[in-house]
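So that you can map any letter, position 23 of the sequence shown is 23 in full-length UniProt numbering, and since no number is skipped, the others follow by simple counting.
For glycine and all other residues, C-beta sits at the position ideal for the given N, C-alpha and C.
For reference, the structure discussed in these notes is given below.
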Amino acid sequence: MSGEDLISVKILGREYRLRCAADERDALLAAAARLDREMRQIQSHSQLIGNERVLLMAALNIAHELVQLQRANDDLRRRLTQQAQNLNRIVTRILQEQEDTS
């Protein structure tokens, strides 16, 4: 099967069969479980909205969380880069001072 698996996921009680790369199986199962949890939580707050709207709201919630995590990751990356640059300057200065005293 050329490295692909056929897996089944259940979202809001409905089963979907999907193909995915063997090394992505666990991630896809986790993503489907996350989507199912999010949709069930939204659906539990209002039984009057349809599945399409529940899916849209779940997708927006997950996308919003992703954007927040990406922003936090970008901020962390900037801070780590700045700290690495500061450490590089300190090491360079110390090495230069040692050369000057030799």
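Asked, Found
"Can you give me the Cβ contacts of residue 16 inside the same chain, cut-off strictly under 6 Å, excluding the 5 residues immediately before and after it?", "9"
"Output the boundary residues of the alpha helix (DSSP H) element that contains residue 4.", "Taken as a continuous stretch (DSSP letters only), residue 4 belongs to no alpha helix (DSSP H), being part of the beta strand (DSSP E) at 4-11."
"Along the chain, which unbroken stretches of the beta strand (DSSP E) at least 3 residues long are found entirely within the stretch 7-52?", "14-21"
"How close, in whole Å, do the beta carbons of residue 109 and residue 28 come, if the pair is a contact with beta carbons under 8 Å?", "The requested residue 109 is not part of the displayed model; the chain covers only 1 to 102."
"Residue 59 to residue 23, Cα distance in whole Å?", "24 Å"
"Taking only the alpha-carbon atoms, compute the straight-line gap between residue 78 and residue 84 and give it to the nearest angstrom.", "10 Å"
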